[in-house]
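Residue numbers (the numbering used here): 206 to 457. Cβ coordinates follow ideal geometry from the N, Cα and C atoms, glycine included. On a predicted model such as this, the values are computed, not experimentally measured, just so you know. Right, one structure below, let's go through it.
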């Protein structure tokens, strides 16, 4: 009896991520969902620039590398040219919420029928721990050694809240993966986002609050605790938009 096995859609190679980084957990969840929906042969993933720049090594489906921040634009082109394929982007906060803000906002506004997996670890990971658009007020980073000063740098960008003000998006949810319970909930949300695309409902984005022990200067255990104590209070978990559920509720 098989109790546990690697998803077929996840490549059998070592991940390059730092110890304690939660990218690996999210990779596995995406691969499990692809397996369970039986869509590996028709799925196309778009890899970003950032810590997950080599995501093309980790998924068995077709993958395309996008320029920094342009994954939603690339995904839009791929999906429109190949409407029967399932297209997802996998992006960090520097990629999606900084240089790629316009691509993210406008693909959501158009309700492009794609799935976006957004990793929010409140820092630029790949380039050494600089302040990101999502860094918390007062958060110490390589470029904010005295803490993020909102009077100088502004406030963090809350992607789910911002996109929820648009009429276009089908489904927006913020989850995390710092406990077994939260991992299960994150998988449910990711699976729904892919199913929405299969059903032709439109743009779905799942924001995953994630840890970066290396650049936070913490142990992996402390980083998971910091998510609960600091990240989630500022970035509350939950569904920020679900047009299908709202329509169903209105009809009842």
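Separation of residue j from residue i, as counted between CA atoms
i           : j           : result
residue 355 : residue 342 : 6 Å
residue 313 : residue 371 : 8 Å
residue 290 : residue 224 : 34 Å
residue 176 : residue 428 : This structure cannot settle anything about residue 176, because the visible part of the chain is limited to 206 through 457.
residue 283 : residue 396 : 21 Å
residue 235 : residue 409 : 14 Å
residue 373 : residue 211 : 36 Å
residue 207 : residue 264 : 22 Å
residue 413 : residue 347 : 23 Å
residue 350 : residue 449 : 44 Å
residue 285 : residue 423 : 43 Å
residue 237 : residue 386 : 16 Å
residue 406 : residue 306 : 22 Å
residue 288 : residue 353 : 43 Å
residue 376 : residue 316 : 10 Å
residue 323 : residue 366 : 14 Å
residue 266 : residue 454 : 36 Å
residue 331 : residue 383 : 21 Å
residue 215 : residue 456 : 40 Å
Three-state secondary structure (DSSP) of residue i
i           : result
residue 250 : strand
residue 210 : coil
residue 243 : coil
residue 439 : helix
residue 380 : strand
residue 354 : coil
residue 371 : coil
residue 235 : helix
residue 460 : Examination of residue 460 is not possible in this model, given that the chain is present from 206 through 457 alone.
residue 220 : coil
residue 433 : helix
residue 348 : coil
residue 408 : coil
Outcome for residue i when other beta-carbon atoms lying within 10 angstroms are tallied against a minimum of 16
i           : result
residue 440 : buried
residue 213 : exposed
residue 293 : buried
residue 277 : buried
residue 447 : buried
residue 361 : buried
residue 420 : buried
residue 363 : buried
residue 418 : buried
residue 392 : buried
residue 394 : buried
residue 357 : exposed
residue 296 : buried
residue 344 : buried
residue 359 : exposed
residue 241 : exposed
Can you list the alpha helix (DSSP H) stretches of 4 or more residues lying completely in the stretch 272-337, in chain order? Counting only runs of 4 or more residues that sit fully inside the stretch 272-337, the alpha helix (DSSP H) segments are 276-286, 306-314, in chain order.
Below 8 Å, can you find three or more Cβ-Cβ pairs linking the stretch 428-445 to the stretch 298-316? no
Should the stretch 217-233 be regarded as contacting the stretch 259-277, the criterion being three or more beta carbon pairs within less than 8 Å? Result yes; three or more Cβ-Cβ pairs closer than 8 Å.
On the three-pair Cβ rule with 8 Å, is the stretch 385-404 touching the stretch 330-344? Counting Cβ pairs under 8 Å, fewer than three are found: no touch.
Is there contact between the stretch 236-252 and the stretch 271-281, where contact requires at least three CB pairs shorter than 8 Å? Of all C-beta pairs linking the stretch 236-252 to the stretch 271-281, three or more are shorter than 8 Å, placing the two stretches in contact.
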